[in-house]
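For reference, the structure discussed in these notes is given below.
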Amino acid sequence: MTKLARLAPYSWLAIIICLLAYLLLQLPQRQWSSSITALLPTSAEPWQQQLLTQVNSSRQLTLKLSGLALPQLRQAATSLLQQPIQGLSWHQPGTMLTQLQQQYQQHQSLLLSPQTLDLLQQGQYQPLVDAAWQRLYSPAPLLSEALSQDPLLLTQQFMEQQTAGKLMLQQAWFETRQGDAVVLYAETATDPFDRVPASALQQQLAQQLSALSAQWPQLHIARSGVLFHAVHASANASFEMQFYGTISLLAILLLLVFSFRSARPLLLATVVLLPALIAGLAALLLVFQQPHVLALVFATTLIGIAIDYSFHGMLAANQARSTFSAMLPSLALGLLTTLLGYLALLWLPFGLLQQVAVFMLAGLVAAFISVWLLLPLLLAPRQLHNSYWLQHSCARITQGYQRATALWVWLIGLSASAVVVFLLLQGRFSDDVRLFSQSPPGLLQQEAEVRALGAQQWDSRFLVLLADSTEQALAQEHVLQSTLTQWQQQGWFARWQGLSQQLTSQQQQAASQQLLQQAYQSPALQTYLSQLQLQAPSARTDWLTTANFTSPLVKQHFRVGTQTAAIVLLQQVSEAALLQQAVAQLPAVYLLDPIADTNSSLQQLRSQLLTWLLLALLLSIAVLSWRRGIKAALASALLLTLAIGAALCFSLWRQQHLNVFNLVAALLVLALALDYAVFFTSTLHKTEVMQAVLLSAATSCLAFGMLSFSQTPAVASFGFTVFSGVALSALLAPLLTLICHKEAVSGGTL
Amino acid sequence: MIRLGCVLLLALLLMPAQATDSQALLRFKPLQGQLSFNQSKQLQGLPVALKSSGYILLQDGQLLWHTTTPVDSKLLVSPAGVSQWQQQQYVAVAGSEFVGQLMLAVLQQQHQFINDHFALSDADNDCQLLQPLQAPLSNLFVQIRLCGEATLQRIVLQESNGNSTTIDLQPEANLD
Chain S
424 MTKLARLAPY
434 SWLAIIICLL
444 AYLLLQLPQR
454 QWSSSITALL
464 PTSAEPWQQQ
474 LLTQVNSSRQ
484 LTLKLSGLAL
494 PQLRQAATSL
504 LQQPIQGLSW
514 HQPGTMLTQL
524 QQQYQQHQSL
534 LLSPQTLDLL
544 QQGQYQPLVD
554 AAWQRLYSPA
564 PLLSEALSQD
574 PLLLTQQFME
584 QQTAGKLMLQ
594 QAWFETRQGD
604 AVVLYAETAT
614 DPFDRVPASA
624 LQQQLAQQLS
634 ALSAQWPQLH
644 IARSGVLFHA
654 VHASANASFE
664 MQFYGTISLL
674 AILLLLVFSF
684 RSARPLLLAT
694 VVLLPALIAG
704 LAALLLVFQQ
714 PHVLALVFAT
724 TLIGIAIDYS
734 FHGMLAANQA
744 RSTFSAMLPS
754 LALGLLTTLL
764 GYLALLWLPF
774 GLLQQVAVFM
784 LAGLVAAFIS
794 VWLLLPLLLA
804 PRQLHNSYWL
814 QHSCARITQG
824 YQRATALWVW
834 LIGLSASAVV
844 VFLLLQGRFS
854 DDVRLFSQSP
864 PGLLQQEAEV
874 RALGAQQWDS
884 RFLVLLADST
894 EQALAQEHVL
904 QSTLTQWQQQ
914 GWFARWQGLS
924 QQLTSQQQQA
934 ASQQLLQQAY
944 QSPALQTYLS
954 QLQLQAPSAR
964 TDWLTTANFT
974 SPLVKQHFRV
984 GTQTAAIVLL
994 QQVSEAALLQ
1004 QAVAQLPAVY
1014 LLDPIADTNS
1024 SLQQLRSQLL
1034 TWLLLALLLS
1044 IAVLSWRRGI
1054 KAALASALLL
1064 TLAIGAALCF
1074 SLWRQQHLNV
1084 FNLVAALLVL
1094 ALALDYAVFF
1104 TSTLHKTEVM
1114 QAVLLSAATS
1124 CLAFGMLSFS
1134 QTPAVASFGF
1144 TVFSGVALSA
1154 LLAPLLTLIC
1164 HKEAVSGGTL
Chain A
491 MIRLGCVLLL
501 ALLLMPAQAT
511 DSQALLRFKP
521 LQGQLSFNQS
531 KQLQGLPVAL
541 KSSGYILLQD
551 GQLLWHTTTP
561 VDSKLLVSPA
571 GVSQWQQQQY
581 VAVAGSEFVG
591 QLMLAVLQQQ
601 HQFINDHFAL
611 SDADNDCQLL
621 QPLQAPLSNL
631 FVQIRLCGEA
641 TLQRIVLQES
651 NGNSTTIDLQ
661 PEANLD
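Chains as they are written, first to last, in our numbering: chain S, 424 to 1173; chain A, 491 to 666.
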């Protein structure tokens, strides 16, 4: 053994220690993301992506208090507001309205409704005079100094023509008209997907709400907001990661004890697993600034794959040095094909899969190096007691497979593959991103309860108007108003909200003043003014602009590069397709639909994944053909097709449709099944191979099978497909020895 | 037994007090059906009061406020909000929800609404004062004065901006 070879294991250990030190330094500082949608690809243009990150309603939350008489509900709301929570600001709708009214009052006659403007432009003044008289004789209050500044009460009417809400506004909350509920709105300072601060915030709020419930046992509280769902998803993912990881580890330990009746294999498995996990995690943190917790849920499967390597390594090293050396090329070939599978994931525009791929690539390479360098150092031949019962069973199973004939295996294999492919062609895919995560029914019910109030619940789809300046955006939005009203009347959506409903452009205000001055000179207005003994007011120039206008709707204008984007929010969109068509006809107006965009990207991703699956299969066959000969390669291809196809069929039967995560799982089944194929087509002793594959498959089935019980549908889909695929591969792989019994001369070496 | 007797005695003593509170709230009989009204509105900056008349119709929890003189104007007030008759249809008037609710509550003597939003006190000459407890009503009105003997006969709305509206009501069974 050369000096370099002697130093290699220690150098490897030194690298692992360095990576561990890096992890210990980095882990406390890093933030973990928990949003599934944040990971998904987008087909939006750069300015749209920028806008989507800015137009973020995920920080809004709503609470509905009910179940008590109104005075008690108010007391409960007041008590909640009196205990401020850091990072949470409660809306003050009454204050906002008062502020808005004061601004209008100070700038009366500047803002006119579209109908008023039409009448002024057409010189039809009498209807305006009639409306003013009607308003003057109404018992409802008027704005201060309305008659002296705006004798036609046009700003008063402008305010009154704005859409009336379903809820009644109070100073710090809304109330239902029946007085049976109080609705509070708030905004979080932190991103709800930022796990640690979001959890802390949610916990503080939960404590306050519990205190309210304790004080008023009849109080019913319904919550709505991304915060509650995100914190639940995050906590759930963390729990599942720890739970399934622990179960997998325990199962592996039990298998080792059962197989070898010694604690030594535990140490040997640990020296393979630990470096794999350290390297995987370090690579994840090195490459990604904010890794996703779901990447770790998927990556707990590294334990399942890495343990395969330690089984092959242990069993071979326990035989003899020469057996270990003969096993290494097959292990390397298995690693190579698995790496190719994960490399395929790396090229897909899917953040989560890229993170899983990076974790697994680094972890698997580290696992292989650990088996290669550390196991021979720690395990001398015949040092382990291999369970006689297990060895005997494996030998019996191997003999059992020998009873079948190659011809029958080919015939049945081909027929079964044909059936599986036919069934798969009948199945359907679902690319709806909303099916990937699942909140608890209680939370969804609360969400629905709050949404039924319909106050500030806007659709995820919204319109965007692009303009060179805020002024121009306001003017364009103003022009669009009649079209929006028309679409609303056609029932395409229930309501819309844009800044132009509260403010018009400076140019428009100037034009309105000019029109009004003309109107004041008309006989109709002259008579009206003389009846009231009023003087016509002079034209105003104290314009109301976004710079001096305070309203939450001002936040619906964004800077996107050098342009201004004006957002028009929509409520209850029912005719999205018609809306999309109509918007496409308008210049500089866009309908942004983040969910449809993500779904369309997922559809593209699915077709890419299918292509990559076929490509990875062909690539693996090519590599196998190179090392094992064409017959073994074709037999392996049959095994892979059958295992993957059947796993997808089972998933189809279980879920009623397939999704992108089933395809990701199929890629993983390909990598794992290929490992089995590599070993069963090698020159290695079949009983040892059977034992290693059985142990590997059992651990993988445990690791992945556990995931199929996950509360997150995406993870459950993935787990179930891998479980079925691995189980079938392990069951079918021994048949490869029948149909490719004559191995290539070069088999067993790489 | 003595304890029970004390409790019963205390209950008997408390009963009239509670009844008096309720009666204070329900001082006027809830109005129903048709009534004629005369309204006088005194606006800041106007030398003369704006006088109008018409009728109100209170039916099925809704209020129709029909001004017939000097202009013809209709307002429909329901718990869902206020609508104005414009071009052969009722059009919702934003921001008047509270005023609408207030008118309904005052005319129908909905003590729950009144109690939730106003501090009540007695004034001279068979009048009662309603002072808004919180915004947005307190931004609109300084006080509301309700006058009458058994039935509500006069409403005076004193606005925060100095305007005031006096509404005189008179039952009138057979108005169209």
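Ideal Cβ placement from N, Cα and C applies to all residues, glycine included.
Query	Result
Helix, strand or coil for Gln621 of chain A? Go by DSSP, reduced to three states.	strand
Spatial neighbours of Leu797 of chain S within its chain, please: C-beta separation below 6 Å, excluding the five flanking residues on both sides.	Pro432 and Val694
Which stretch, first to last residue, makes up the alpha helix (DSSP H) that contains Asp658 of chain A?	Counting along the chain, Asp658 of chain A falls outside any alpha helix (DSSP H), though it belongs to the beta strand (DSSP E) covering Ser654 to Pro661.
Any idea which residues DSSP pairs Trp575 of chain A with across the strands?	A:Tyr580
Using beta carbons (cut-off 7 Å, strictly below), is Ala563 of chain S in contact with chain A?	yes
Checking 7 Å against the spacing of the C-beta atoms, do Phe782 of chain S and Ser1119 of chain S come in under that value?	no
Under 7 Å, Cβ to Cβ, is there at least one residue of chain A near Tyr560 of chain S?	yes
Whose C-alpha, out of S:Phe1127, S:Val1138 and S:Asp1016, is nearest the C-alpha of Leu474 of chain S?	S:Asp1016
Tell whether a beta-carbon distance below 7 Å holds between Gly668 of chain S and Gln593 of chain S.	no
DSSP three-state call for Gly490 of chain S: helix, strand or coil?	coil
For Gln986 of chain S, report the span of its beta strand (DSSP E) as first-last.	Gln986 to Gln994
So if DSSP puts Val646 of chain A in a beta bridge, which residue, or which two residues, is it bridged to?	A:Arg635 and A:Thr656
Helix or strand or just coil, what does DSSP make of Ala613 of chain A?	strand
Spatial neighbours of Gln778 of chain S within its chain, please: C-beta separation below 7 Å, excluding the five flanking residues on both sides.	Leu707, Phe711, Pro714, His715 and Ala718
Would you please verify whether the beta carbon of Gly523 of chain A is less than 7 Å from any beta carbon of chain S?	no
Can you tell me the Cα-Cα spacing of Leu800 of chain S and Ser748 of chain S, whole angstroms?	13 Å
Considering only the alpha carbon of each residue, which of A:Glu649, A:Arg644, A:Leu566 and A:Ser654 lies closest to Pro661 of chain A?	A:Arg644
Put Gly544 of chain A into one of helix, strand or coil per three-state DSSP.	strand
In terms of residue numbering, what span does the alpha helix (DSSP H) encompassing Ser935 of chain S cover?	Gln929 to Tyr943
At a Cβ threshold of 7 Å, is Leu620 of chain A touching chain S?	no
Within 7 Å (strictly less), CB to CB, does Gln513 of chain A reach chain S?	In this prediction, Gln513 of chain A has a pLDDT of 44, which is less than 50 and means its spatial position is unreliable; what the coordinates show is noted afterwards. Taking Cβ atoms only, chain S never reaches closer than 7 Å to Gln513 of chain A, which makes this a no.
Is it buried or exposed, Ser456 of chain S, if we count other Cβ atoms within 10 angstroms and call 16 or more buried?	buried
Around the Cβ of Asp617 of chain S, are there at least 16 other Cβ atoms within 10 angstroms (buried) or fewer (exposed)?	buried
Just tell me which of S:Trp639, S:Val680 and S:Leu725 has its CA closest to the CA of Leu696 of chain S.	S:Leu725
Would the region 757–775 of chain S count as touching the region 1053–1070 of chain S if we require 3 or more Cβ pairs under 8 Å?	no
CB-CB under 6 Å to Ile670 of chain S, same chain, minus the five flanking residues each way: which ones, in chain order?	Met1129
So is Val646 of chain A in contact with chain S if we call contact Cβ pairs under 7 Å?	no
Please report the straight-line C-alpha distance between Val1006 of chain S and Phe972 of chain S, rounded to a whole angstrom.	29 Å
Using the Cα positions of Asp511 of chain A and His601 of chain A, report the straight-line distance between them to the nearest angstrom.	Any reading at Asp511 of chain A is ruled out, since the residue's pLDDT is 45, under 50, leaving its predicted position unreliable.
Am I right that Gln618 of chain A and Gln633 of chain A are in contact with their C-beta atoms under 8 Å? What's the rounded C-beta distance?	So it is not a contact: roughly 10 Å between Cβ atoms.
Distance, Cα to Cα, Thr557 of chain A vs Leu486 of chain S?	42 Å
Per DSSP, His556 of chain A is paired with what?	A:Tyr545 and A:Lys564
With Leu533 of chain A and Leu659 of chain A assumed to form a contact (beta carbons below 8 Å), what rounded beta-carbon distance in angstroms separates them?	Actually they are not in contact, since the Cβ atoms of Leu533 of chain A and Leu659 of chain A sit about 21 Å apart, beyond 8 Å.
Output needed in chain order: residues of the region 519–546 of chain S with a Cβ under 8 Å from some Cβ in chain A.	Leu520, Thr521 and Gln524
How far does the alpha helix (DSSP H) with Trp435 of chain S in it reach, from first residue to last?	Lys426 to Gln449
Just to confirm, is the Cβ distance from His607 of chain A to Leu623 of chain A under 7 Å?	yes
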